[in-house]
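One structure below.
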Amino acid sequence: MERHFFFSACALLLLAASTASAARIVEHTFYVHNLTVNKLCNTQIITAVNGRLPGPTIRVQEGDTLLVHVFNKSPYNLSIHWHGVFQRLSGWADGPSMITQCPIRPGCKYIYKFTIIDQEGTLWWHAHVSFLRATVYGALIIRPRDGHSYPFPMPYKEVPILLGEWWNTNVFDVEKLAVAMGAAPNLSIAYTINGWPGDLYPCSENQMYKLKLLQGRTYLLRIINAALNHELFFKIANHKLTVVSIDARYTEPYVTDVVVSAPGQTVDVLLTADQPVGSYYMAATAYASADGVLFDNTTTRGVLAYDGAPSSTTPLMPVLPDFNDTPTAHKFYSNLTGLVGGPHWEPVPLKVDHEMLVTIGLGLEPCPANTSCKGPKLSASMNNVSFVRPTSLSMLQAFFFNVNGVYTTDFPAKPTIEFDYTNASINNNIPMLFAPKGTKLTKLKFNSTVEIIFQNTAILGVENHPMHLHGFDFHVLAQGFGNYKPATDRKKHNFINPQMRNTIAVPAGGWAVTRFTANNPGVWVLHCHLDMHLPLGLATAFVVENGPTPETTLPPPPVDLPQC
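Numbering (mature numbering (1 follows the signal peptide of the UniProt record, and there is no 0)) for the sequence shown: -22 to -1, 1 to 542.
Following this line, the structure appears as structure tokens:
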């Protein structure tokens, strides 16, 4: 009897420990405030979290509940987006300003609370108001629950690699000037690795990220493209990289010597220190797909130094692709596949309830009267609708409280005017360059399946557009160039092991086919993750209706939700 009681008590203790582990609460405090920094021969004030650039790395396990207390001590309105987190029934914590919340005003605070469900890998967090995410960002690393392992050999060490973008001026003013003038924003002057520009920039010889390696060991590099407006090539001299996850979705191992990432995307790679003892540069530079458009044509680099390498050794430099090497970029983007049967793998939904063909691209709009704007302003649109965010109430509040007049649900499921989308001659048809403004959304029934075919256009030129969907991941069934042709391109759809992402880089002058299941009630924005394009109107959103049970119904907002 005593022995039976002993084993029962142990079982109960183990069960309690397991439950406690699964229900762990991870708590952080973010103080967002001004910070004086010295970079690239310049002293300036930036907005940062807890006095750091990048901001704090958050480490959780799948199943944990995260509480982040955000105190806005900056002079700017602010919100924080947890990029790639599903936010199941916690849409109030998603973060995009005027979509799911009003911004946190200077001197105010807000507690973001959400549970990480069915996700493992590398995500990140960033400001979702104006260009502030240039300096307000950090890594969000999700490890498996206790008792679960990675679907690849355990690495010796895990290292976040955050690729950023730097201006020697106030980034808030950069956007403000661009909006006022109706022009593209001033270019950044540098890229960074974990906040450091590297020795190719002036006054930066000692501002370079360095990573010590032990020969023979394998490292997991968690690469995050936190740049605002540039896709990036990333290489390490003389080393192969094995991709094992993208956007917190496991992949079939893919061996490459170059990684390409769009703003918002993450790529986890295994790096084995299998070269002779020495020093090797890691480097990142722009992939710029738009012909004739100015871009930041610089290179950031850091150093991988093997243990025992002489400090006097000159590191080897990788040969980076040309800035316009679309074949290399497309090969990387299109060769990744999902890990069927791996943790959190989801089969492709075969029945489609809502089909959409969505054109994406730039355009123009007239200058407002009595402004400094000269000539037509830059604009952007999806299906000839240029998105306008509300100003008095967030769209999620309007959804929950049934408030009319904040948005409409008549976003077109296909282009209102069909044309030869990728033919540059469209620019001779001046009326086609001007898209009307509106806050038009798409209403979806709970658990319906949506297929979106993204089609880039040649209006004002072709370029690669990274499209980010909040609240969901989508299967990427196919990608290609030119106009999407259903009769032939449907044969290219991968229904077996497609990659899954929250941010898809739609090929320059091309298309991408995606699917997702709308199993999360709320309002979820879909937008281009080039920050220069979001305020121009390259966005829309989905209103997902509540499900039939309390477990599939959006709960009320938290009492401290910021008000407009």
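C-beta: ideal position from N, C-alpha, C; glycine also. All values reported here derive from a predicted model rather than from experimental measurement.
Check: Using the C-alpha atoms, what's the distance from glycine 69 back to leucine 514?; Outcome: 24 Å
Check: Is asparagine 480 helix, strand or coil when you go by DSSP?; Outcome: coil
Check: In angstroms with no decimal places, state the Cα-to-Cα distance between asparagine 275 and phenylalanine 379.; Outcome: 48 Å
Check: Could you check what DSSP says for asparagine 16 in three-state terms: helix, strand or coil?; Outcome: strand
Check: Going by DSSP, what residue range makes up the alpha helix (DSSP H) through glutamate 153?; Outcome: 149 to 159
Check: Would you kindly check if the distance between the Cβ of valine 491 and the Cβ of alanine 456 is under 8 Å?; Outcome: yes
Check: Starting from threonine 304 and walking both ways along the alpha helix (DSSP H), at which residues does that stretch end?; Outcome: 304 to 313
Check: Is the beta carbon of lysine 51 sitting closer than 8 Å to the one on histidine 11?; Outcome: yes
Check: So, proline 296 versus valine 281, is the Cβ gap smaller than 8 Å?; Outcome: no
Check: Roughly how many whole angstroms lie between the Cα atoms of valine 522 and threonine 495?; Outcome: 10 Å
Check: Output the distance between the C-alpha atoms of leucine 272 and histidine 208, rounded to the nearest integer angstrom.; Outcome: 11 Å
Check: Does the stretch 157 to 164 come within contact of the stretch 241 to 251, defined as at least 3 CB pairs closer than 8 Å?; Outcome: no
Check: Isoleucine 139 and isoleucine 202 look like a contact to me (Cβ under 8 Å); what is the Cβ gap, rounded to whole Å?; Outcome: 7 Å
Check: Going along the chain, which residues of its own chain have a beta-carbon closer than 6 Å to the beta-carbon of glutamate 441, five neighbours each way excluded?; Outcome: Ser267, Ala268 and Ala486
Check: Here's the rule: buried if 16 or more other CB atoms are within 10 angstroms of the residue's CB, otherwise exposed. What is alanine -3?; Outcome: Below a pLDDT of 50, predicted positions are generally treated as unreliable, and alanine -3, at 42, falls in that range; no measurement from the model is reported.
Check: Just to confirm before moving on: does the CB-CB distance between histidine 453 and arginine 493 stay below 8 Å?; Outcome: yes
Check: Return the CA-CA distance between phenylalanine 211 and aspartate 235, expressed in angstroms with no decimal places.; Outcome: 10 Å
Check: Going by other Cβ atoms of all chains shown within 10 Å of its Cβ, with 16 needed for buried, is histidine 126 buried or exposed?; Outcome: exposed
Check: So, does the stretch 91 to 103 touch the stretch 25 to 44, judging by three or more C-beta pairs under 8 Å?; Outcome: yes
Check: Can you find the residues in the same chain that come closer than 6 Å, C-beta to C-beta, to alanine 26, ignoring five residues on each side of it along the sequence?; Outcome: Leu13 and Thr113
Check: Are tyrosine 385 and leucine 422 closer than 8 Å when you measure CB to CB?; Outcome: no
Check: Quick check on this structure: which residue in Phe459, Arg279 and Leu328 has the alpha carbon closest to the alpha carbon of leucine 298?; Outcome: Arg279
Check: Measure the CB-CB distance between alanine 204 and tyrosine 311 and report whether it falls below 8 Å.; Outcome: no
Check: For histidine 308, tell me which candidate among Leu374, Asn362 and Ser239 has the shortest Cα-Cα distance.; Outcome: Ser239
Check: Look up lysine 469 in the DSSP assignment and say whether it is helix, strand or coil.; Outcome: helix
Check: Which residues does DSSP pair with methionine 445 in a beta bridge?; Outcome: Ile482 and Cys506
Check: Counting only runs that start and end within the stretch 108 to 151, where is the beta strand (DSSP E) found for 3 or more residues in a row?; Outcome: 115 to 121 and 135 to 144
Check: Would you list the residues sitting across from serine 290 in a DSSP beta bridge?; Outcome: DSSP, once it has assigned bridges, lists no residue as partnering serine 290.
Check: Do you know offhand how far histidine 511's Cα is from proline 327's?; Outcome: 31 Å
Check: Which residues in the same chain as cysteine 181 place their Cβ atom closer than 7 Å to its Cβ, once the five residues preceding and following it in sequence are excluded?; Outcome: Leu18 and Cys19
Check: CA-CA distance, phenylalanine -16 and aspartate 124?; Outcome: Here phenylalanine -16 scores only 34 on pLDDT, less than 50, and its place in the model is too uncertain to base an answer on.
Check: Which residue wins for smallest C-alpha separation from threonine 427, given the options Asp451, Ile224, Asn406 and His443?; Outcome: Asp451
Check: By how many angstroms is the C-alpha of leucine 317 removed from the C-alpha of glutamate 136?; Outcome: 21 Å
Check: Applying the 10 Å Cβ sphere with the 16-neighbour rule, what's the burial state of phenylalanine 473?; Outcome: exposed
Check: Check each candidate in Asn55, Pro74 and Pro34 and name the one with the smallest Cα separation from serine 372.; Outcome: Pro74
Check: Here's a check: name, in chain order, each residue in its chain whose Cβ is nearer than 6 Å to the Cβ of proline 133, leaving out the five neighbours to either side.; Outcome: Thr196, Tyr197 and Leu198
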